[in-house]
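**Student:**
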Amino acid sequence: ELLKMADMPVYMLIGNDDHISDKDWGRILDDHGMFNLNSRSHRLEGLNIRGFQYVLPTPWNTNNELPEDELAQKLRKIEGQVDKNTILVTHGPPKGVLDRITNGLQVGSESILDLVKAKQPIFHIFGHIHEAFGRSKIDSTICCNSSCLWTDWLLRGHIIDTEKKSVKKIEEEVPLKEINMLSFMNGDTNHVC
59 ELLKMADMPV
69 YMLIGNDDHI
79 SDKDWGRILD
89 DHGMFNLNSR
99 SHRLEGLNIR
109 GFQYVLPTPW
119 NTNNELPEDE
129 LAQKLRKIEG
139 QVDKNTILVT
149 HGPPKGVLDR
159 ITNGLQVGSE
169 SILDLVKAKQ
179 PIFHIFGHIH
189 EAFGRSKIDS
199 TICCNSSCLW
209 TDWLLRGHII
219 DTEKKSVKKI
229 EEEVPLKEIN
239 MLSFMNGDTN
249 HVC
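So the sequence shown is residues 59 to 251, counted in this note's numbering.
1. Measure from the alpha carbon of residue 216 to the alpha carbon of each residue in 194, 109, 210, then state which is nearest.
2. Taking just the CA atoms, how far does residue 73 sit from residue 120?
3. Determine the DSSP secondary structure at residue 99, reduced to helix, strand or coil.
4. Note down, in chain order, each residue of its chain lying with its Cβ closer than 7 Å to the Cβ of residue 9, except the 5 sequence neighbours on either side.
5. To the nearest whole angstrom, what separates the beta carbons of residue 178 and residue 142, a pair I think is in contact under 8 Å?
6. So, helix, strand or coil for residue 214, using DSSP?
7. For residue 278, which of 144, 201, 92 has the nearest alpha-carbon?
8. Cβ atoms of residue 137 and residue 160: under 9 Å apart, would you say?
9. Taking DSSP as the reference, what is the three-state secondary structure of residue 221?
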């Protein structure tokens, strides 16, 4: 309900811990006037925005997990919809880019990396690996891991400027327990979620 009041387009991609069917997810977003990025494309200020919700298997057997070969097969079906004028939003990261977990392993997808290298979308936004928040580049593609820090429940993100083709880290990390939803609803803009 709060996002509905934001007076701007909202694009959402389901994560691997969101256990809801694609059909229900789509219905909920439609009911709230939000754009579903799960394996869909939309337009945003002259750019194509393309979503891909699948991730490599985790030790926790969560939602939307696929082995690398099946993930690659699904990516091949959308590669024609990704180009230099695309904002690619995937849940999982590319191999070797902002994908390092606490024990030091890099757990990103080779197939996502191959797609980004081949198609060079203007932005590649992803999450999934909460320990690897940050910004990087793959050739000319600006990559952003915009995941929250679940261990401390910190909201973090990036502001994407589609006109200037730039990214700014949201500097203030706000603990969820400190967000006063009443002040947000009353117009206090000190917190960006």
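Note that beta-carbon positions come from the ideal geometry of N, C-alpha and C, so glycine has one too.
**Tutor:** Answer, in terms of the structure:
1. Taking the first residue of the sequence shown as 1, we reach residue 216 at position 158. That would be 194, whose Cα lies nearest to the Cα of residue 216.
2. Indexing the sequence shown from 1 puts residue 120 at position 62. Indexing the sequence shown from 1 puts residue 73 at position 15. The alpha-carbon atoms of residue 120 and residue 73 are separated by roughly 9 Å.
3. Taking the sequence shown and counting its residues from 1, the one referred to as residue 99 is at position 41. DSSP places residue 99 in strand when its eight states are reduced to three.
4. Because the chain is modelled from 59 through 251, residue 9 falls outside the range shown and cannot be assessed.
5. Here residue 178 corresponds to residue number 120 of the sequence shown, with the count starting at 1. Here residue 142 corresponds to residue number 84 of the sequence shown, with the count starting at 1. Right, their Cβ atoms sit about 5 Å apart.
6. Start at 1 with the first residue of the sequence shown, and residue 214 comes out as number 156. Three-state DSSP puts residue 214 in coil, outside helix and strand.
7. Here the chain has residues from 59 to 251 only, and residue 278 is not among them.
8. On the sequence shown, residue 160 is found 102 positions in, with the first residue counted as 1. On the sequence shown, residue 137 is found 79 positions in, with the first residue counted as 1. It is not a contact, given that the beta carbons lie outside the stated cut-off.
9. In the sequence shown, counting from the first residue as 1, residue 221 sits at position 163. Of the three classes helix, strand and coil, the one that applies to residue 221 here is coil, per DSSP.
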